[in-house]
Amino acid sequence: MKKKLSFFIFGSIAAILLIGYFYLEKKIYAQSAAIFLFVLAILQVLALQYFLKNQLKNDVVEKNLRARAEELKESLEHADEVANQKSIYLANMIYEVRTPLNTVLGMLNMLRQTELNSDQTAQVEIAEYSSKHLMQLVNMVSDNQESNDKELELNMQTTDLKTDLSQLFKILEYQAWEKGLEFEYKFISEDRGKFLVFADSKRIQQVLINLINNAIKYTNAGKISIIVDQSVGIDNDQIITFYIKDTGIGMKAEDVKHVFNNFDGVYDNKIKKDYRGGGMGLSISHKLVDFMGGELKLESKENEGSTFYFSLQLKKTLNVKKIEETSEPILSTKFNVLIAEDNRMNQKVIKFLLEKQGADCTFAKNGLEAVELYKILDFDMIFMDIYMPDMDGYQATKLIKETDKYYRSKTPIIGVSASAFEKDIEKAKQAGIDDFLPKPIDVLRLKDLLQKFTSHH
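First residue of the sequence shown: 1428, per the working numbering; consecutive thereafter.
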C-alpha cells in the first residue's frame, strides 16, 4: 500500500511539472492548464482518502489481532495452570488411594497366614486378587501420566521376565475371568539353557498392562491370549516378541492406520459409551515401545478381534551358558529365500530361524519392493508378510504370479501374519498364497514348510 502511494505521488509531481512545461512553452492555454491541475487535485484528494481509509482499516485489524493474541496467550497460560492443578490433584488422589490399598493388601496377607478353612481361603484370595487389580489400575494411570509429563528414562536391570510377567498375568487373568473370558498365557523359550536379560521390566509391564486391559475391555466373549516368545537368541542378544490377541470388536482397516496417534477418536460415541470410554494408553504404549527400540504393530478385523505385537532386542547377562548346536540344518544345498517384512525386529527373527536351517535371506520392506526383487533375482521360496505399507502381501503375491518368471518356476509363496483369522487365510488362498505361517513363528512348523516345498521344488 505504501509503495502504491509513493508511485501515485511521484506520478502527480511529474504531471504537474509536465503541465507547467507545456504552459511555459505556450503549447496549452492557462485555462486548460488550470482544468488539468483541478482534475489532478481532485484525483489526489480521492486517492489520499482511499489510502488513509485502508491504513485506518489495517490499524484496526492489527489492533484486533494483537488483542486476540493476548487473549490466546492468557487462555494458554490458564489451560497450563489448570492442567498442572489436575496433575497435582491426580497425584494426590493416587497417593490417597494407594495408602489404604497397601493396608488392605497387608492385612489380607496377614489373614492368609492364619488358620482358615477352604471357603475362607478362597474368599481371601478373591479379595487379594481384586485389591491387586485395583492397585494395578492405579499404577497404570500413574505411569501413563508420568510418561506424558516427563522425559522418558529407562531403568535397565538384570531381569527374569518370565517370573515378573507371570505374576502380572495372574492378576489380569482374574480380571478376564470376572468378565467371563478365557485367559491364557504362555512363554516360548529354548529349554536347553536359562539366562536373564537386561531390561526395564516396569516399562515392559506398563505396555502390557495397557494392551491387555484394552483387550479385556473390548472383548465381550471368547479369549485373551498372551504369548511371550523368547526362542530367538543372536550371539549375546535375545529377541523377545510379545503378542496380545483378543476376540473382541476389532477395528476397521482405515482406523488401524491412525490408532496410535489418536485412539480416542477411533470409536464412535456409542461404542465409547457402551465400553465406558476409549482405549487407555495406546499412544503411550507406542511411544514406550519405540523408546525401548521396538515397534508396536496392530492387525485387526472388525467384529473378529485384534492382535498387538512388538519385539525388543535385549542383552543377555554375562552368565549365559553357551549352547552347543546339535541339530543339523534341513537345507543342504544353496537355497535363496525372499522375505517381505516391514518390521526390522521381525526381519532379524525370521532371518535367524531360516539361516539356522541353511537358507540365504534377501529382504524387501514392502510388497512393491518384493515384486521388483523377484523380477531381477532368483529365489527358491518367498515369505510374504500379509500387512505391509504401500502394497500388502495379497497384492504383491498377485503381481508376482502374473510374471513370466513365476509361470516358469512356480516359486512357493508362504503368507506370514500375527493374526491368522479365517478371512485372512481364505483371502490368502484366493490371492494364490501356497501356505500360511502364523506369528510367533513355530520352528517345527517352519521346518515342515521347508521340507514340504523344498522336496516339491
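Think of the CB as a built atom: it goes at the ideal place given N, C-alpha and C, for glycine as much as any other residue.
All figures in this text were calculated on a predicted structure; none of them were measured in a lab.
### Message
Does the structure place the stretch 1769-1776 close enough to the stretch 1798-1811 that three or more beta carbon pairs sit under 8 angstroms?
### Response
With a cut-off of 8 angstroms on Cβ pairs, the stretch 1798-1811 is not in contact with the stretch 1769-1776, counting fewer than three such pairs.
### Query
Which residues bound the alpha helix (DSSP H) around Lys1828?
Where Lys1828 is concerned, the enclosing alpha helix (DSSP H) starts and stops at 1820-1828.
#### Entry: Which of helix, strand or coil DSSP assigns to Gly1842
Of the three classes helix, strand and coil, the one that applies to Gly1842 here is strand, per DSSP.
#### Entry: Span of the beta strand (DSSP E) around Phe1669
For Phe1669, the uninterrupted beta strand (DSSP E) segment begins and ends at 1664-1673.
### Query
Going straight from the alpha carbon of Leu1873 to that of Phe1779, what length do you get?
Spanning the two alpha carbons is a distance of roughly 12 angstroms.
### Query
Near Ser1759, which residues of its chain fall below 8 angstroms by C-beta distance, leaving aside the five closest residues on each side in sequence?
For Ser1759, same chain residues with a beta-carbon under 8 angstroms away, outside a window of 5 residues either side, are Gly1785 in chain order.
### Task
Express the C-alpha separation of Glu1504 and Phe1437 in angstroms, rounding to a whole number.
Distance between the alpha carbons of Phe1437 and Glu1504 is about 50 angstroms.
### Query
When burial is assigned at 16 or more other CB atoms within 10 Å of the CB, is Asp1691 buried or exposed?
The predicted model places Asp1691 with a pLDDT of 47, which falls under 50 and marks its position as unreliable, so this point remains unresolved.
### Task
Tell me whether Lys1400 sits in a helix, a strand or coil according to DSSP, three-state version.
Because the chain spans 1428 through 1884 in this model, residue 1400 falls outside it and cannot be assessed.
### Message
Using the three-state DSSP reduction, which class does Lys1743 fall into: helix, strand or coil?
### Response
The DSSP-derived three-state label of Lys1743 is strand.
### Task
Work out the CA separation of Asp1875 and Thr1646 for me, nearest whole Å.
Computed Cα separation, rounded: 34 angstroms.
#### Entry: Helix, strand or coil at Val1624 [DSSP, three-state]
Of the three classes helix, strand and coil, the one that applies to Val1624 here is strand, per DSSP.
### Message
For Ala1858, which residues in the same chain have their Cβ closer than 6 angstroms to its Cβ, ignoring the five residues on either side in sequence?
### Response
Within the same chain, and ignoring the five residues on either side of Ala1858 in sequence, the residues whose Cβ sits closer than 6 angstroms to its Cβ are Tyr1821, Thr1824, Lys1825.
### Task
Use the C-beta contact count for His1390: other C-beta atoms within 10 angstroms, 16 or more gives buried, fewer gives exposed.
Residue 1390 is absent from the model: the chain starts at 1428 and stops at 1884.
### Message
As an exercise, report each continuous beta strand (DSSP E) stretch of at least 3 residues that is fully enclosed by the stretch 1575-1651, in chain order.
### Response
As far as the stretch 1575-1651 is concerned, its whole beta strand (DSSP E) runs of at least 3 residues are 1584-1586, 1609-1616, 1624-1626.
### Task
Grab me the residues of Glu1752's own chain with a C-beta within less than 7 angstroms of its C-beta, minus the 5 sequence neighbours each way, in chain order.
Since pLDDT at Glu1752 reaches only 49, below the 50 mark, its modelled position is unreliable, and no value is offered.
### Query
Thr1585: which of Lys1742, Gln1482, Leu1499, Ile1639 sits nearest, CA to CA?
Looking only at Lys1742, Gln1482, Leu1499, Ile1639, the smallest Cα-Cα distance to Thr1585 is reached by Lys1742.
### Query
Per DSSP, which one or two residues make a beta bridge with Met1537?
Paired residue(s): none; Met1537 is not in a bridge.
#### Entry: Gly1720 classed as buried or exposed, judged by whether at least 16 other C-beta atoms fall within 10 angstroms
The residue is exposed, with fewer than 16 neighbouring Cβ atoms inside 10 Å.
### Query
Cα separation between Tyr1450 and Leu1470?
Approximately 21 angstroms, taken between the alpha carbons.
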